[in-house]
Amino acid sequence: MFLSDIGYAATNLLVGALRQDLILEFSSTDDIIFTENTFAGISNPETMVFDPSGNLFVGNGKANSIKKITPSGIKTTFATDLDVDGMAVDAFGSLFVSRKSESSNASDGVILKFTPDGRSSVFVSNISHPKGLAFDSLGNLYLAYPDRDSILKFTPNGKQTTFASGLGHPFRLAFDLFGNLFATDPAANSIFEISPSGVVITFFVSTSTTAGVKDLAFDSNGNLFVTFGDSVVEFVSVEGVLDPVPITIASVPGGAGGIAIEPPTTTNLSTRVSVQGTAIIADFNGDGHRDFVVRNPATRQTAIWHLNNNVLISGALGPTLPAGWGLRGAADFNSDSHPDYGLFNSATRQTAIWDLSGPTFMG
Numbered sequence: 012m013f014l015s016d017i018g019y020a021a022t023n024l025l026v027g028a029l030r031q032d033l034i035l036e037f038s039s040t041d042d043i044i045f046t047e048n049t050f051a052g053i054s055n056p057e058t059m060v061f062d063p064s065g066n067l068f069v070g071n072g073k074a075n076s077i078k079k080i081t082p083s084g085i086k087t088t089f090a091t092d093l094d095v096d097g098m099a100v101d102a103f104g105s106l107f108v109s110r111k112s113e114s115s116n117a118s119d120g121v122i123l124k125f126t127p128d129g130r131s132s133v134f135v136s137n138i139s140h141p142k143g144l145a146f147d148s149l150g151n152l153y154l155a156y157p158d159r160d161s162i163l164k165f166t167p168n169g170k171q172t173t174f175a176s177g178l179g180h181p182f183r184l185a186f187d188l189f190g191n192l193f194a195t196d197p198a199a200n201s202i203f204e205i206s207p208s209g210v211v212i213t214f215f216v217s218t219s220t221t222a223g224v225k226d227l228a229f230d231s232n233g234n235l236f237v238t239f240g241d242s243v244v245e246f247v248s249v250e251g252v253l254d255p256v257p258i259t260i261a262s263v264p265g266g267a268g269g270i271a272i273e274p275p276t277t278t279n280l281s282t283r284v285s286v287q288g289t290a291i292i293a294d295f296n297g298d299g300h301r302d303f304v305v306r307n308p309a310t311r312q313t314a315i316w317h318l319n320n321n322v323l324i325s326g327a328l329g330p331t332l333p334a335g336w337g338l339r340g341a342a343d344f345n346s347d348s349h350p351d352y353g354l355f356n357s358a359t360r361q362t363a364i365w366d367l368s369g370p371t372f373m374g
């Protein structure tokens, strides 16, 4: 299983191959994972991030620069003279970069802001050894700060507070779909989960002595992907709950570094909303507007909300799912111009496609 889980065109996964000095682009079809493309000439790619337009920014480690790769694969140098240790993009497409200290004075680390046209400014200064960055849904920026065993929070105007402490050596950061912040700690070979209120729990601890956690990213279904030694592992999300046991989905000879997931570009990719259930997006009534399918976890009943942009026009009850099965996406699998359900059973790893005609189960 990989990203899509149900066999339609998947969002791609980009992973840095450290000792190969290249980026591997993984795709999947019918649960078969394959390398679709590679981008060479990028040294020690330990951190990378997509902007809303699908441009990929990669820390070009040994060259102290940032490379930009467009959706069509054109590679250019975006910024130079940077010892990059973390990157994140805000909702406006501006790139934020944590830059390591450039002298024996460890406190001269900074967070830089690059506008989409490449203009740079200092967002925060005088930070020793800044690491991973991530934005929450409100535009606040979070920084992994191992020198203080903590994670710092910066408001959009730069006001600094300590969000969480006692974390050991936080390295890379990523938010899940519910606003929880996940942080890797390579020193402890573990992953922490921090609630929106700052409560810290240990999500995962590895006992491996040869492979360590590095970077992490969530896809639009809430699945968590982590670079781990010479591989990529996935923690599968079922109804918003991550399976604590990872599965290996890809091998990265030479060591896996940075990881990024291509932004969704199709209306058939699933997403989640802050309601009691899962929301799937597709045009169920053929009016050219995306609709919601929501599922009640308690009853397993599905319902289709017909929308005109963000206005609810009408609704219909859909089929009830069997126990143990989760609704993972919707797409027109049988080419009859009607979206169908894609299901997944986390216990058996079985996928299933339910052909629908509107809200009616056909087989």
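Everything in the sequence shown is counted per my numbering, starting at 12 for the first residue and increasing by one.
From the three backbone atoms N, C-alpha and C, an ideal C-beta is built for every residue, glycine too.
Remember, it's a predicted structure, so these values are computed and weren't measured experimentally.
Quickly, what does DSSP pair Val256 with across the bridge? List them, please.
In the sequence shown, counting from the first residue as 1, residue 256 sits at position 245. According to DSSP, Val256 bridges with nothing at all.
Contact between the segment 179-193 and the segment 226-236 is defined here as three or more beta-carbon pairs at a separation below 8 Å; is this criterion met?
yes
Quickly, what does DSSP pair Gly98 with across the bridge? List them, please.
On the sequence shown, residue 98 is found 87 positions in, with the first residue counted as 1. A small fix is needed here, since residue 98 is Met in this sequence, not Gly. Its beta-bridge partners are Val108.
Label Leu178 either buried or exposed according to how many other C-beta atoms from any shown protein chain fall within 10 Å of its C-beta, with 16 as the threshold for buried.
Position 167 of the sequence shown, counting from 1, holds the residue named residue 178. Looking at its Cβ environment, which holds 16 or more other Cβ atoms inside 10 Å, Leu178 is buried.
Mind listing, in chain order, the continuous beta strand (DSSP E) runs of no fewer than 3 residues lying wholly within the segment 311-374?
312-319, 322-331, 336-342, 351-356 and 361-365
Alpha carbon of Leu152 to alpha carbon of Ile80, nearest angstrom:
For the purposes of this step, residue 152 is taken as residue 141 along the sequence shown, with counting starting at 1. For the purposes of this step, residue 80 is taken as residue 69 along the sequence shown, with counting starting at 1. The straight-line gap from Cα to Cα measures roughly 24 Å.
With DSSP collapsed to three states, give me the class of Arg306.
Your numbering for residue 306 matches position 295 in the sequence shown. Arg306: strand per DSSP, three-state reduction.
Using a 10 Å radius around the Cβ and a threshold of 16 neighbouring Cβ atoms, would you call Phe189 buried or exposed?
Within the sequence shown, residue 189 is the residue found at index 178, counting from 1. Answer is exposed; the Cβ neighbour count stays below 16.
Looking at Ala267: is its Cβ nearer than 9 Å to the Cβ of Val26?
Here residue 267 corresponds to residue number 256 of the sequence shown, with the count starting at 1. Here residue 26 corresponds to residue number 15 of the sequence shown, with the count starting at 1. Yes, these two residues count as a Cβ contact at 9 Å.
Is it the case that the Cβ atoms of Gly369 and Tyr352 are separated by a distance below 9 Å?
Working through the sequence shown from its first residue, we reach residue 369 at position 358. Working through the sequence shown from its first residue, we reach residue 352 at position 341. It is not a contact, given that the beta carbons lie outside the stated cut-off.
Measuring CA to CA, which of Ile162, Phe186 and Gly265 is closest to Asn232?
For the purposes of this step, residue 232 is taken as residue 221 along the sequence shown, with counting starting at 1. Considering only alpha carbons, the answer is Phe186.
Is Ser285 buried or exposed, if buried means 16 or more other CB atoms sit within 10 Å of its CB?
As a working mapping, residue 285 is identified with position 274 in the sequence shown. Only weak support exists for where Ser285 lies, its pLDDT of 32 falling under 50; the coordinates are left without a value.
Note the first and the last residue of the continuous beta strand (DSSP E) segment covering Ile85.
What you label residue 85 is simply residue 74 of the sequence shown in a count that begins at 1. Note, Ile85: premise wrong, no beta strand (DSSP E); not H, not E.
Which whole-angstrom value describes the C-beta separation of Val69 and Gly269, a residue pair presumed to lie in contact below a C-beta threshold of 8 Å?
Stepping through the sequence shown from its first residue, residue 69 is reached at position 58. Stepping through the sequence shown from its first residue, residue 269 is reached at position 258. With 8 Å as the limit, Val69 and Gly269 qualify as a contact, their Cβ atoms being about 7 Å apart.
Count the other C-beta atoms from every protein chain shown that fall within 10 angstroms of the C-beta of Met373, then say buried if there are 16 or more, exposed otherwise.
Position 362 of the sequence shown holds residue 373. Met373 is exposed by the Cβ-count criterion.
When the Cα atoms are used, what is the spatial distance from Phe37 to Glu57?
For this step, residue 37 is matched to residue 26 along the sequence shown. For this step, residue 57 is matched to residue 46 along the sequence shown. Taking the straight line joining both Cα atoms gives about 17 Å.
Does the segment 242-250 come into contact with the segment 343-352, if we say contact requires no fewer than three beta-carbon pairs (one atom in each stretch) closer than 8 Å?
no
Opposite Gln171 in the DSSP bridges: which residues?
For the purposes of this step, residue 171 is taken as the residue at position 160 of the sequence shown. Among the bridge pairs identified by DSSP, Gln171 is matched with Phe165.
So, for Ile258: in the same chain, excluding its five sequence neighbours on each side, which residues have a beta-carbon less than 6 Å away from its beta-carbon?
Along the sequence shown, read from residue 1 onward, the residue named residue 258 stands at position 247. Glu245, listed in sequence order.
Suppose contacts are defined by Cβ-Cβ distances below 9 Å. Is Lys170 in contact with Leu154 by that definition?
Here residue 170 refers to the residue found at position 159 when the sequence shown is read from its first residue. Here residue 154 refers to the residue found at position 143 when the sequence shown is read from its first residue. No, they are not a contact pair.
Among Val133, Lys78 and Thr173, whose alpha-carbon lies nearest the alpha-carbon of Ser161?
Here residue 161 refers to the residue found at position 150 of the sequence shown. When the alpha-carbon of Ser161 is set against those of Val133, Lys78 and Thr173, the nearest one is in Thr173.
Residues near Ala222 in its chain [Cβ-Cβ closer than 6 Å; skip 5 each side]
The residue given as residue 222 occupies position 211 in the sequence shown. Phe239 and Gly240.
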